[in-house]
Structure formats: C-alpha cells, structure tokens
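Asker: The structure's right below; bear with me while I get my questions together.
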Amino acid sequence: MSKELHKNSRIYVAGHKGLVGSAIVRKLQTEGFDNLLLRTHQELELTDQNAVKEFFETEKPEFVILAAARVGGIYANNTYPADFIFQNIAIQTNVIHEAKVSGVKRLLFLGSSCIYPRDCPQPMKEEYLLSGPLEATNRPYAIAKISGIEMCWSYNRQYDTQYMAVMPTNVYGPEDNYDLQTSHVLPALIRKFHEAKVKNESSVNVWGTGEPRREFIHSKDLADACIHLLSQTEDILKSSFLNSDSVPLINIGCGTDQTISELAYIIKNVTGFEGDIRWDTSKPDGTPQKLLDVSRMSELGWDAKINLDDGIALTYENYVLSLK
Numbered sequence: 000m001s002k003e004l005h006k007n008s009r010i011y012v013a014g015h016k017g018l019v020g021s022a023i024v025r026k027l028q029t030e031g032f033d034n035l036l037l038r039t040h041q042e043l044e045l046t047d048q049n050a051v052k053e054f055f056e057t058e059k060p061e062f063v064i065l066a067a068a069r070v071g072g073i074y075a076n077n078t079y080p081a082d083f084i085f086q087n088i089a090i091q092t093n094v095i096h097e098a099k100v101s102g103v104k105r106l107l108f109l110g111s112s113c114i115y116p117r118d119c120p121q122p123m124k125e126e127y128l129l130s131g132p133l134e135a136t137n138r139p140y141a142i143a144k145i146s147g148i149e150m151c152w153s154y155n156r157q158y159d160t161q162y163m164a165v166m167p168t169n170v171y172g173p174e175d176n177y178d179l180q181t182s183h184v185l186p187a188l189i190r191k192f193h194e195a196k197v198k199n200e201s202s203v204n205v206w207g208t209g210e211p212r213r214e215f216i217h218s219k220d221l222a223d224a225c226i227h228l229l230s231q232t233e234d235i236l237k238s239s240f241l242n243s244d245s246v247p248l249i250n251i252g253c254g255t256d257q258t259i260s261e262l263a264y265i266i267k268n269v270t271g272f273e274g275d276i277r278w279d280t281s282k283p284d285g286t287p288q289k290l291l292d293v294s295r296m297s298e299l300g301w302d303a304k305i306n307l308d309d310g311i312a313l314t315y316e317n318y319v320l321s322l323k
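Each residue of the sequence shown is one higher than the one before, starting from 0 at the first, in numbering that gives the first Met the number 0.
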C-alpha cells in the first residue's frame, strides 16, 4: 500500500483550532485537500485514551498531524508545570499509539525548540538533543516534547512506521493567544503596545533585559513546511536523517534571530505606539539564545518566505480585526 499523500487522503489535524493547527488546515484546504478529519477539544478529549482509541477505530485516518498541545510562555510554564507535563505526555501517547494500532501511513509530531539545552551551541542542530541541561522555566514542557520525539523514533524502529518529529522555532500569526498570563512574547507585546497606544499611555513595560535572542516563524510558513514534509516520497523519508537508525527530528525556522529589544521596537513601530519602552529586569529572561539550524529543511527543498517585519504587520492587522 502506497504511503504517498493524495488530495483525497484522510488527514487528521489534531489541534486544528490553535495557532499552528489552523494554519495547517488553511494550507491543506488551499492546496485542494478535501478529506480532513477535524475535532474540537469538546468533541474529542485527547488526554482520554478510550476516546482517542474510538476516534481512530471509527475514522481511520491515513495521515496525522499532531499539533495539539498545552502551550504557553514563561509565566504559564512556571505557574502550571504539572499541567504542562501531564497533558502533553497524555496527548502524545494516546495519538501516537493509536496511530500505530490503526495503521496510519505517516504522522507528523510538532514539538518546540525548547527541547534543546539551555546553553546549547548556536545555531542549534538536531544532534544537540539531550546534550546538556534544559532551561528550568520550561523543563516540564520540554521533557514532554522530548518524550514525543523518542516515541516517534521508538515506533519507527520497532514497527517500521513513518513518524517524523518537527521542531518549530517560536511561531506567530492568526489565531494566536493574546492572554497576557499565558501567551508567548510576540503576541503579548502586540497586545501591550496596542493597548498602550489606544489608552495614550507614556510607556510599555517589557519583561527582562531585552538581551536574549529569539527566532520567529510565521504560522503560514510553518504550515507550508509541514505539508512539504508530509508530501515527501518514501525514498526521501529514508534519507540519512530520517531513517530508523537516527532520530527522525527536523528543525523548522527561518535561520535568523534578533534580540527581544529589537523585536519590541519592531512591534512598537508596527502598532504606532509613540511612548517609551521600560525593561523590568526583575523578571526572568529565559534561555539566552534559541536559533535553529535549518539546513535539513533546506536540503529537502524548503526555506521560509515571510520576513519578520511583514509577518508582524500581517499579524497585527489580524489582531485588530479580531477586536471588532
């Protein structure tokens, strides 16, 4: 039986309402895939093993994109560490295992660049996984994602499955989370600067020193990369960095980064805020730098297309429209 992706393939996108999942669904629909299996959190609780088992038995997806996860920024990770490790491990375990039981042809598991050591050499290569201590503020989440990578590798080795783990850099775009208690840095800054402009405030407070460096990718680019990977031929999937003898791990990013300070000034300009930026150095910075080595994706013929300034402008436009 061919494991190639076709327009009428039954594709299950787990987490299709989120930032990444919704972008993947839009990309699939634009490309003419019309047999998508979509379930909201209310319709299918992925931490419920029996519910997941019943779904796979009934719907029999051929391809799975696992974008569902409990996610958040530094504050959320520090405040809810038990939720982050339990929920993510449960989701991954249930979906990956039932995919194997039901004979899914290919599975794409989405992780996070926080899987790499806190003081990892830059840019971060896939082989640096487990080479040093993790960043303490998001260690439970990182360990959960590492377990998902190991599951994909273990099932590939034992059952000859074709499961790939992709590690995106920081993602932003439509359907992002703008809750200041749980959001990541970029959407949080968009909201802060927008509200400060609307209220005509004189300054915006930003966590940390502004010195850490971060890489960002627009969700549209990430979705394009995921479909590019899922569409690869079986021969390419058996390449040196995807075969059963090596961890099936691929970084997805744009290959460039900037300081949080530089990011803040980009968002300040895009939103039109005219006040000052004040840095709250009593708050944590997190990992000093997180820049991915994206040479594997380049070898497979894919590179990011949306630059950060344009991506933030598009995202801000979407955010303003969502408020109306």
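Backbone N, C-alpha and C fix where the C-beta goes; we use that ideal spot for every residue, glycine too.
The structure presented is a predicted model; accordingly, all values stated were derived computationally and were not measured.
How many Å lie between Thr208 and Pro283 at the Cα?
Answerer: Taking the first residue of the sequence shown as position 1, residue 208 is located at position 209. Taking the first residue of the sequence shown as position 1, residue 283 is located at position 284. Taking the straight line joining both Cα atoms gives about 8 Å.
Asker: Assign Ala68 to one of three DSSP states: helix, strand, or coil.
Answerer: For the purposes of this step, residue 68 is taken as residue 69 along the sequence shown, with counting starting at 1. Three-state result, Ala68: coil.
Asker: Can you tell me the Cα-Cα spacing of Ile189 and Glu44, whole angstroms?
Answerer: Working through the sequence shown from its first residue, we reach residue 189 at position 190. Working through the sequence shown from its first residue, we reach residue 44 at position 45. For Ile189 and Glu44, the distance between alpha carbons rounds to 31 Å.
Asker: Mapping the DSSP letters down to three states, classify Tyr315 as helix, strand or coil.
Answerer: Residue mapping note: residue 315 aligns to position 316 of the sequence shown, counting from 1. Here Tyr315 sits in helix by DSSP.
Asker: Assuming Leu107 and Ile64 form a contact by the criterion Cβ under 8 Å, report the distance between their Cβ atoms to the nearest whole angstrom.
Answerer: Along the sequence shown, one-based indexing puts residue 107 at 108. Along the sequence shown, one-based indexing puts residue 64 at 65. The C-beta distance from Leu107 to Ile64 rounds to 5 Å, short enough to fall under 8 Å.
Asker: In whole angstroms, what is the alpha-carbon distance linking Asp302 and Ala224?
Answerer: Sequence index remark: in the sequence shown, residue 302 carries index 303 (1-based). Sequence index remark: in the sequence shown, residue 224 carries index 225 (1-based). Going by the C-alpha atoms only, they are around 8 Å apart.
Asker: With distance defined between alpha-carbon atoms, name the residue in Lys59, Leu133, Tyr140 and Ile216 nearest to Gly72.
Answerer: For the purposes of this step, residue 72 is taken as residue 73 along the sequence shown, with counting starting at 1. Of Lys59, Leu133, Tyr140 and Ile216, the residue nearest in Cα terms is Tyr140.
Asker: Given that a residue counts as buried once 16 or more other Cβ atoms are within 10 Å of its Cβ, and exposed if not, what is Arg156?
Answerer: Looking up residue 156 in the sequence shown gives position 157. Counting Cβ neighbours within 10 Å, Arg156 comes out exposed, since fewer than 16 surround it.
Asker: Short of 6 Å in beta carbon distance, which residues of its chain neighbour Asn7, apart from the five on each side in sequence? Order them along the chain.
Answerer: To locate residue 7, count along the sequence shown from 1; it is residue 8. For Asn7, the CB contacts under 6 Å within the same chain, skipping 5 residues up- and downstream, are Asn34 in chain order.
Asker: In the structure shown, what three-state DSSP assignment does Lys26 receive?
Answerer: The residue labelled residue 26 in the question sits at position 27 within the sequence shown. Three-state result, Lys26: helix.
Asker: To the nearest angstrom, report how far apart Phe215 and Lys289 are at their CA atoms.
Answerer: By 1-based counting over the sequence shown, the position of residue 215 is 216. By 1-based counting over the sequence shown, the position of residue 289 is 290. Looking at the two C-alpha atoms, the distance is approximately 10 Å.
Asker: Tell whether a beta-carbon distance below 7 Å holds between Thr314 and Tyr171.
Answerer: The residue given as residue 314 occupies position 315 in the sequence shown. The residue given as residue 171 occupies position 172 in the sequence shown. In this structure, Tyr171 lies closer than 7 Å to Thr314 by Cβ.
Asker: Using C-beta distances below 8 Å, list every residue in its chain close to Lys16, excluding the 5 sequence neighbours before and after it, in chain order.
Answerer: By one-based count along the sequence shown, residue 16 stands at place 17. Around Lys16: Thr39, His40 and Glu174.
Asker: Need the endpoints of the alpha helix (DSSP H) that Asn155 sits in, please.
Answerer: Position 156 of the sequence shown, counting from 1, holds the residue named residue 155. Arg138 to Tyr158 is the extent of the alpha helix (DSSP H) around Asn155.
Asker: Would you identify the three-state DSSP class for Arg190, choosing helix, strand or coil?
Answerer: Working through the sequence shown from its first residue, we reach residue 190 at position 191. Reduced to three states, the DSSP call for Arg190 is helix.
Asker: Which residue from Asp309, Tyr177 and Phe192 puts its Cα closest to that of Phe272?
Answerer: Stepping through the sequence shown from its first residue, residue 272 is reached at position 273. Nearest of Asp309, Tyr177 and Phe192 to Phe272, Cα basis: Phe192.
Asker: Going by DSSP, what residue range makes up the beta strand (DSSP E) through Arg105?
Answerer: The count along the sequence shown starts at 1 and reaches residue 105 at position 106. Where Arg105 is concerned, the enclosing beta strand (DSSP E) stretches over Arg105 to Leu109.
Asker: Could you check whether the stretch 124-132 touches the stretch 244-262, counting it as contact only if at least three pairs of C-beta atoms, one from each stretch, sit closer than 8 Å?
Answerer: yes
Asker: In angstroms with no decimal places, state the Cα-to-Cα distance between Asp279 and Val205.
Answerer: Within the sequence shown, residue 279 is the residue found at index 280, counting from 1. Within the sequence shown, residue 205 is the residue found at index 206, counting from 1. So the two alpha carbons sit approximately 6 Å from each other.
Asker: Just verifying my parser: in three-state terms, what is the DSSP assignment at Ile249?
Answerer: Here residue 249 is taken as the residue at index 250 of the sequence shown, counted from 1. In the structure shown, Ile249 sits in a strand (DSSP, three-state: E or B).
Asker: Give the DSSP bridge partners of Ala13, in chain order.
Answerer: Residue 13 sits at position 14 when you count from the first residue of the sequence shown. Leu65, per the DSSP bridge assignment.
Asker: Comparing alpha-carbon positions, which option in Ser230, Asn87, Asp178 and Ala98 lies nearest Lys26?
Answerer: Taking the sequence shown and counting its residues from 1, the one referred to as residue 26 is at position 27. Lys26 has its Cα closest to that of Ser230, out of Ser230, Asn87, Asp178 and Ala98.
Asker: Determine the closest residue to Asn169 out of Ile265, Ser260, Ala66 and Gly252, with distance taken between C-alpha atoms.
Answerer: Working through the sequence shown from its first residue, we reach residue 169 at position 170. With distances taken between Cα atoms, Asn169 lies closest to Gly252.
Asker: Count the other CB atoms, across all protein chains shown, that sit within 10 Å of the CB of Leu322; report buried if there are 16 or more and exposed otherwise.
Answerer: The count along the sequence shown starts at 1 and reaches residue 322 at position 323. Exposed: under 16 other Cβ atoms inside 10 Å.
Asker: Which same chain residues, not among the five before or five after Ala68, have their C-beta less than 7 Å away from its C-beta?
Answerer: Residue mapping note: residue 68 aligns to position 69 of the sequence shown, counting from 1. Excluding residues within five positions, the ones whose Cβ falls inside 7 Å are Gly14, Asn87 and Ile90.
Asker: Can you tell me where the beta strand (DSSP E) with Asp275 in it begins and where it stops?
Answerer: Locating residue 275 in the sequence shown gives position 276, where the first residue counts as 1. Asp275 to Asp279 is the extent of the beta strand (DSSP E) around Asp275.
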